[in-house]
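K.L.:
2 protein chains.
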Amino acid sequence: MAAIPQHGAHPPEEQEETSAAYARTDRTWPARGRDRATYDREVVHAILDEGYVCHLGFVRDGAPVVLPTLYGRIGERLYVHGSTGSRPLRAAGRADDGMPVCLTVTHVDGLVLARSGFHHSINYRSVVVHGVARPVADEKERRTALDAIVEQVVPGRAADCRPADAKELAATAVLSLDLAEVSAKVRTGGPNDDPEDLDLPYWSGVVPVAPVYGAPLPSEDLRPGIPVPGYLADF
Amino acid sequence: MAAIPQHGAHPPEEQEETSAAYARTDRTWPARGRDRATYDREVVHAILDEGYVCHLGFVRDGAPVVLPTLYGRIGERLYVHGSTGSRPLRAAGRADDGMPVCLTVTHVDGLVLARSGFHHSINYRSVVVHGVARPVADEKERRTALDAIVEQVVPGRAADCRPADAKELAATAVLSLDLAEVSAKVRTGGPNDDPEDLDLPYWSGVVPVAPVYGAPLPSEDLRPGIPVPGYLADF
Chain A
671 MAAIPQHGAH PPEEQEETSA AYARTDRTWP ARGRDRATYD REVVHAILDE GYVCHLGFVR
731 DGAPVVLPTL YGRIGERLYV HGSTGSRPLR AAGRADDGMP VCLTVTHVDG LVLARSGFHH
791 SINYRSVVVH GVARPVADEK ERRTALDAIV EQVVPGRAAD CRPADAKELA ATAVLSLDLA
851 EVSAKVRTGG PNDDPEDLDL PYWSGVVPVA PVYGAPLPSE DLRPGIPVPG YLADF
Chain B
671 MAAIPQHGAH PPEEQEETSA AYARTDRTWP ARGRDRATYD REVVHAILDE GYVCHLGFVR
731 DGAPVVLPTL YGRIGERLYV HGSTGSRPLR AAGRADDGMP VCLTVTHVDG LVLARSGFHH
791 SINYRSVVVH GVARPVADEK ERRTALDAIV EQVVPGRAAD CRPADAKELA ATAVLSLDLA
851 EVSAKVRTGG PNDDPEDLDL PYWSGVVPVA PVYGAPLPSE DLRPGIPVPG YLADF
């Protein structure tokens, strides 16, 4: 199994904003599976950029809530959006100093079948972002954020649809979350069977998995003569 | 767009344990998107059974933490597992009355491209389980739970690998979470464009997406003569 190089070994005060790795903190330093953890900025960006659905966690009445939602990345900032009437966005809007969140993005790359039940696993790449989500008030940044969320799902699409009008903008809450306290975890390769299990009569190996995109299905009411856009050819 | 039928309209006291729907509670009744919410037990089970990776949320030092992990379902109970040294499992083990969690499972079925940026969306099926995760102490239930987690990933596999030995069992913490406060959300169909947008010159429709499993890759050290198991043919 390819080990992921360790980064982030320097304490925060020694790191520059432009360093190659995010500063490691107590809560991004895992108690277990440290050999799979990385703080490398490029690795983190690549994992985030391959996805568009995150699981956003926040605390409501002392209990955790985890909801799937879309996100967009611009540099070292993530954006999520939602109706101004939705609970997390109302809660964040009320909080003067923002809402503590944890935003997690996970890609599953394979099922890992070991000779022992114990060593069964999953190949995956995940990013966990801890921080404070803040409502974006500036209209220009709100528009940029909404475009970024559309672009995260389908690169090239934001310029090829009708932008939000004033009413839609007013109905949409946008939260920002800076990429500061961030870690990634990556597992690759085959099962880590114990040496004494290698002769057991069980198959072992990996079943690869990846999302596959089908041919675009036009809306039934699509105006005739509008071809499938070129940017969808990438899927 | 096919509307998902509403369930759970009865208050909890009118519902039986064996009813066709989970009782709706304040936190499973969404502030927005109610037409996509369902409490139907069969729908919830089907969404859970199609997956094996969940995002588990818990609260640490007042802040949310969301981590991807495997799960297994047996009837109305979910199980997650981890090293006894991992933080969430240590925390749950210390808590006498369990650890409040939110366990979310999401399947992405399509990218929904509307004429307006505002109506872009995702077709998805998700289940959100609120509750208290409790460490499983009983050895028989622990073994059953670990088998269920393997079976969730690859049905048929638990009986075709070496079961956990005493040392492995001691190193593995298992948490249970009852399916009691549960909701599902499902979005299907094409974009919900505003009528006045239908003549805009933008393509609209859905790009289907689904996980696809590749041919099983045997371990390099696999003993010769062990064929790919029949249960992997389903992938």
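Top to bottom, those sequences are chains A and B. Here the first sequence stands for residues 671 to 905, numbered as in my numbering. Here the second sequence stands for residues 671 to 905, numbered as in my numbering. Virtual Cβ for every residue (Gly too), placed ideally from N, Cα, C. Quantities reported herein were computed from a predicted structural model and do not represent experimental measurements.
(1) Identify each residue in the stretch 701-725 of chain A for which the Cβ-Cβ distance to at least one residue of chain B is less than 7 Å, and report them in chain order.
(2) What residues in the stretch 783-817 of chain B have a beta carbon less than 8 Å from any beta carbon of chain A?
(3) Below 8 Å on the Cβ atoms is my contact criterion, and I expect Ala843 (chain A) with Leu759 (chain A) to pass it. Report the Cβ-Cβ distance as a whole number of Å.
(4) Please list, in chain order, the residues of the stretch 843-873 of chain B that have any C-beta partner in chain A closer than 7 Å.
(5) For the stretch 873-891 of chain A, which residues have a beta carbon sitting closer than 9 Å to at least one beta carbon of chain B?
(6) Could you say which of B:Phe728, B:Val782, B:Gly755 lies nearest to Ser874 (chain B) if we only look at CA atoms?
(7) Could you please give me the residues that DSSP links to Ser796 (chain A) through a beta bridge?
(8) Can you list, in chain order, the residues of its chain with a C-beta nearer than 6 Å to that of Tyr741 (chain B)? Leave out the 5 residues immediately preceding and following it.
(9) Go ahead and label Asn793 (chain A) buried or exposed: buried means 16 or more other beta carbons lie within 10 angstroms of its beta carbon, across all protein chains shown.
(10) Distance, Cα to Cα, Pro805 (chain A) vs Ala691 (chain B)?
(11) Mind checking the stretch 745-767 of chain B against chain A and listing, in chain order, the residues whose C-beta falls within less than 8 Å of any C-beta there?
(12) Going along chain A in order, which residues have a C-beta closer than 7 Å to the C-beta of Asp830 (chain B)?
(13) Quick check: the Cα distance between Ala854 (chain A) and Arg812 (chain A), rounded to an integer number of angstroms?
(14) Go through its chain and collect everything with a Cβ distance to Leu737 (chain B)'s Cβ below 6 Å, but skip five positions before and after it.
(15) For a cutoff of 9 Å on Cβ pairs, would you count Thr776 (chain B) as touching chain A?
(16) To the nearest angstrom, report how far apart Ala840 (chain B) and Val798 (chain A) are at their CA atoms.
(17) Which residues mark the beginning and the end of the beta strand (DSSP E) in which Ala828 (chain A) is found?
(18) What is the C-beta distance between Asp832 (chain B) and Arg785 (chain A), in whole angstroms, given that I count them as a contact (C-beta under 8 Å)?
(19) Shortest alpha-carbon distance to Arg893 (chain A) belongs to which of B:Leu868, B:Pro888, B:Glu890?
(20) For the alpha helix (DSSP H) holding Cys717 (chain B), just list the boundary residues, first then last.
(21) Under a Cβ-count criterion, where at least 16 other Cβ atoms within 10 Å of its own Cβ denotes burial, should His677 (chain B) be classed as buried or exposed?
(22) Give the straight-line distance between the Cα atoms of Ala803 (chain B) and Ser756 (chain A), rounded to the nearest whole angstrom.
(23) Suppose the cutoff is 6 Å on Cβ atoms and the five residues either side in sequence are ignored; what does the same chain contact list for Pro682 (chain B) look like?
(24) Under 7 Å Cβ to Cβ from Glu720 (chain B), same chain only, skipping five residues before and after it: list those, please.
(25) For Glu890 (chain A) and Leu902 (chain B), I'd like the C-alpha separation in whole angstroms.
P.N.:
Let me spell this out:
(1) Ala701, Arg702, Val723, His725
(2) Leu783, Ala784, Arg785, Ser786, Gly787, Phe788, His790, Ile792, Tyr794, Ser796, Val798, His800, Leu816, Asp817
(3) 4 Å
(4) Gly860, Pro861, Asp867, Leu868, Asp869, Leu870, Pro871, Tyr872, Trp873
(5) Trp873, Ser874, Gly875, Val876, Val877, Pro878, Val879, Ala880, Pro881, Val882, Tyr883, Gly884, Ala885, Pro886, Leu887, Pro888, Ser889, Glu890, Asp891
(6) B:Val782
(7) A:Thr776, A:Lys855
(8) Cys724, Leu748, Val750
(9) buried
(10) 36 Å
(11) Gly752, Ser753, Gly755, Ser756, Arg757, Arg760
(12) Tyr872
(13) 27 Å
(14) Leu726
(15) yes
(16) 28 Å
(17) Careful: Ala828 (chain A) lies outside any beta strand (DSSP E) and carries neither H nor E.
(18) Strictly speaking, residue 832 (chain B) in this sequence is Arg, with Asp absent from that position. Contact holds; Cβ gap of about 6 Å.
(19) B:Leu868
(20) Checking the sequence, you will find Ile at residue 717 (chain B) rather than Cys. First-last of the alpha helix (DSSP H) with Ile717 (chain B): 711-720.
(21) Confidence at His677 (chain B) is low in this model, with a pLDDT of 31, below 50, so the placement of that residue should be treated as unreliable; the coordinate-derived value is given next. Buried.
(22) 26 Å
(23) Legend: pLDDT at Pro682 (chain B) = 41, less than 50; position of this residue unreliable, value from coordinates given subsequently. Ala693.
(24) His777
(25) 38 Å
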